[in-house]
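Report on the structure given below.
There are 2 protein chains.
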Amino acid sequence: MTLSSPAAAAASRPDAPVGPGYEVVDKSLTASRALLGVIARSLAPVMDSVTLPQFRVLVVLSNFGPLRMGELALRLGANQSSFSRFAERMVAGGLIARSESTENRREVIISLTKEGSRIYAEVTRARRQEISEVLSRLSGSEQETVLAGFDAFARAAGEPRADETLILGI
Amino acid sequence: MTLSSPAAAAASRPDAPVGPGYEVVDKSLTASRALLGVIARSLAPVMDSVTLPQFRVLVVLSNFGPLRMGELALRLGANQSSFSRFAERMVAGGLIARSESTENRREVIISLTKEGSRIYAEVTRARRQEISEVLSRLSGSEQETVLAGFDAFARAAGEPRADETLILGI
DNA sequence: TGTCATGGTTGCTATAGTACATATATTGCA
DNA sequence: TGCAATATATGTACTATAGCAACCATGACA
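If you read the protein sequences in the order shown, they are chains A and B. If you use the working numbering, the first sequence corresponds to residues 1141 to 1310, in order. If you use the working numbering, the second sequence corresponds to residues 1141 to 1310, in order.
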C-alpha cells in the first residue's frame, strides 16, 4: 500500500474528519469575501449616523437589553472612563439613553433609544434583504445546496466569541 | 388552483430562480457570523502593528501592486491631503515606501515594504489556516457539501466591490 | 516663455476614540 | 458615624482620521 493521505484514511472510515483540500479552503475564502460584501452593504446606509464602534454598542444592547455603564464597558472591552465619554457622544447623538437605576443611585443604566434600535433593526433587515437577493438568483435546488453547505460550516465553526468580532467593530 | 408561491412556480421550471425561504436566509446569516469570526481571528495577531484602515492599504497594494499616491487615495475613497499624511504614518511604521516616479517627477509611487507584505501574507495564511481547522472537523462528504454550497453562493453573490468592503476596513 | 493643469504637501481645524489618574457620589458594613 | 468599596464622571493628554484651503513643484502646450 502507498502512503495514505488523510482522505484515503477517511475512505475506510466514511464519516471521519479529513484534512481539507485546496479547493474547498479556497472556495470558503471566496464565500467569506462575498458575505463580507453583504455585511458591508447592510452597514453602509447607517454609517453616516453611527460609527462602527458605536454600532457595536447597538448590537450589544439589542442582544442583552439595558445594561449598567460598567457592565457595558466590560463587554466592549473598553476602559470605564473612556466609555463614559464615549457614551456621552452616543447620548448626544440620540442613540442611547442614560437613566438612574431604581435600586442603586450610583448605577447608570444604558438603554437604546427608539432611534438606536431603529438603526440596528434597519441593518439587520438590510442584511436579510441582501442575502435574499443573492439567493434569489439561484434555483430551488441550488438554494438547498447552499443551505446544506452553510449549515455544515456554521456547525463546525460554532458561534464566534463576542470579543472576536469586536475586532472588526461589528 | 390556489395562489402560486415562487417555489410552486419554480417546480414547473425545475432550475429557475426562486424566492428563498426563511431557513436558508437564516442559515446564511449564521454562516456569515461564523466567517466573520474567522476573518476577525486572522486579523487579531497583526492588529497591534497595523490599524484596520492601514490594513486596507496593504490589501489594495497587494492586489494592484505599486500605485501613485493619488490613485491609491482614490481607490480608498480618501481625500488626497488626508491620505498624504496617512501615508506618512505608514511610512514611519515601515509598512509602505514612497519613491519618485521615473518618468514624472511630480508623481510619488507607493509600494509595500517587506514588512508590509509580510503582514498581509501573514493574515492570508492565518485565514486559510482558520478555515482549514474548521473544515477539518468535518468528514470528506460534509466538506463536499460545504464546497458545493459556498461555490453556489459565491457565484450568485459575485465579488464584492472594493469600495464596499472598505466600509469595514478590510 | 508664459500660462494652465496636474500631483502632492502643508497649515489649520475638528472629531472620535482611548487611557491614566483623580474626583465625586453612593452604598455597605464595622 | 466613619471608613472602605463600588460606580461613574472629569481633568488631561495623546493618536488616528479626515477635510478645506493654500501652496509648491512639475509638466504640457500655445
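Using N, Cα and C, we set each Cβ at its ideal position, and we do this for glycine too.
Status (buried if at least 16 other CB within 10 Å, exposed otherwise) for residue i
{"i": "B/R1225", "result": "exposed"}
{"i": "B/M1230", "result": "buried"}
{"i": "B/Y1162", "result": "exposed"}
{"i": "B/A1149", "result": "For B/A1149, the predicted model reports a pLDDT of 46, less than 50, meaning its position is unreliable and no value from the coordinates is stated."}
{"i": "B/R1245", "result": "exposed"}
{"i": "A/E1282", "result": "buried"}
{"i": "B/R1301", "result": "exposed"}
{"i": "B/Q1220", "result": "exposed"}
{"i": "B/R1196", "result": "buried"}
{"i": "B/A1156", "result": "exposed"}
{"i": "B/A1261", "result": "exposed"}
{"i": "B/A1232", "result": "exposed"}
{"i": "B/A1147", "result": "Below a pLDDT of 50, predicted positions are generally treated as unreliable, and B/A1147, at 45, falls in that range; the measurement from the model is reported next regardless. Its Cβ having fewer than 16 others within 10 Å, B/A1147 is exposed."}
CB of residue i within 8 Å of CB of residue j, strictly
{"i": "B/E1255", "j": "B/G1234", "result": "yes"}
{"i": "A/A1297", "j": "B/T1285", "result": "no"}
{"i": "A/L1252", "j": "A/S1189", "result": "no"}
{"i": "A/V1178", "j": "A/E1304", "result": "no"}
{"i": "B/R1267", "j": "B/S1168", "result": "no"}
{"i": "B/A1171", "j": "A/F1290", "result": "yes"}
{"i": "A/G1159", "j": "B/S1276", "result": "yes"}
{"i": "A/G1280", "j": "A/L1192", "result": "no"}
{"i": "A/M1209", "j": "A/I1250", "result": "yes"}
{"i": "A/R1215", "j": "A/V1199", "result": "no"}
{"i": "A/L1306", "j": "A/G1217", "result": "yes"}
{"i": "A/R1173", "j": "B/E1299", "result": "yes"}
{"i": "A/V1186", "j": "B/S1272", "result": "no"}
{"i": "B/V1263", "j": "A/F1293", "result": "no"}
{"i": "A/L1175", "j": "B/L1207", "result": "no"}
Helix, strand or coil at residue i according to DSSP, with G and I counted as helix
{"i": "A/R1265", "result": "helix"}
{"i": "B/G1159", "result": "coil"}
{"i": "A/R1229", "result": "helix"}
{"i": "B/S1189", "result": "coil"}
{"i": "A/L1252", "result": "strand"}
{"i": "A/A1218", "result": "coil"}
{"i": "B/R1238", "result": "strand"}
{"i": "B/R1277", "result": "coil"}
{"i": "B/G1309", "result": "coil"}
{"i": "B/A1147", "result": "At B/A1147 the pLDDT is 45, less than 50, meaning the model places this residue with poor confidence and gives no usable figure here."}
Residue i: first and last residue of the uninterrupted alpha helix (DSSP H) it sits in
{"i": "B/R1196", "result": "L1192 to F1204"}
{"i": "B/E1304", "result": "A1302 to T1305"}
{"i": "A/R1245", "result": "No alpha helix (DSSP H) contains A/R1245, which DSSP labels as neither H nor E."}
{"i": "A/R1215", "result": "M1209 to R1215"}
{"i": "A/E1284", "result": "G1280 to A1297"}
Chain-ordered chain A contacts of residue i [CB-CB under 8 Å]
{"i": "B/R1268", "result": "V1165 and L1169"}
Per-residue contacts from residue i into chain B (C-beta, under 7 Å)
{"i": "A/A1288", "result": "T1285 and G1289"}
{"i": "A/I1271", "result": "V1165, S1168 and L1169"}
Partners in chain B for residue i, counting only beta-carbon separations shorter than 8 Å
{"i": "A/L1308", "result": "L1176, I1179, A1180, L1183, L1192, L1308, G1309 and I1310"}
{"i": "A/E1304", "result": "G1177, A1180, R1181 and A1184"}
{"i": "A/M1187", "result": "I1307"}
Within chain A, the residues that residue i reaches when beta carbons sit closer than 7 Å
{"i": "B/R1173", "result": "E1299 and P1300"}
{"i": "B/A1292", "result": "L1278, E1282, T1285 and V1286"}
Contacts of residue i in chain A (Cβ-Cβ under 9 Å)
{"i": "B/V1274", "result": "P1160, S1168, F1293, A1296, A1297 and G1298"}
{"i": "B/I1109", "result": "Any question about residue 1109 of chain B goes unanswered here, given that chain B covers just 1141 to 1310."}
{"i": "B/D1155", "result": "S1279, G1280, S1281 and E1282"}
Heavy atom of the ligand MG within 7 Å of residue i beta-carbon
{"i": "B/E1240", "result": "Summarising the ligand content, the structure contains no ligands, and the ligand MG is consequently not present."}
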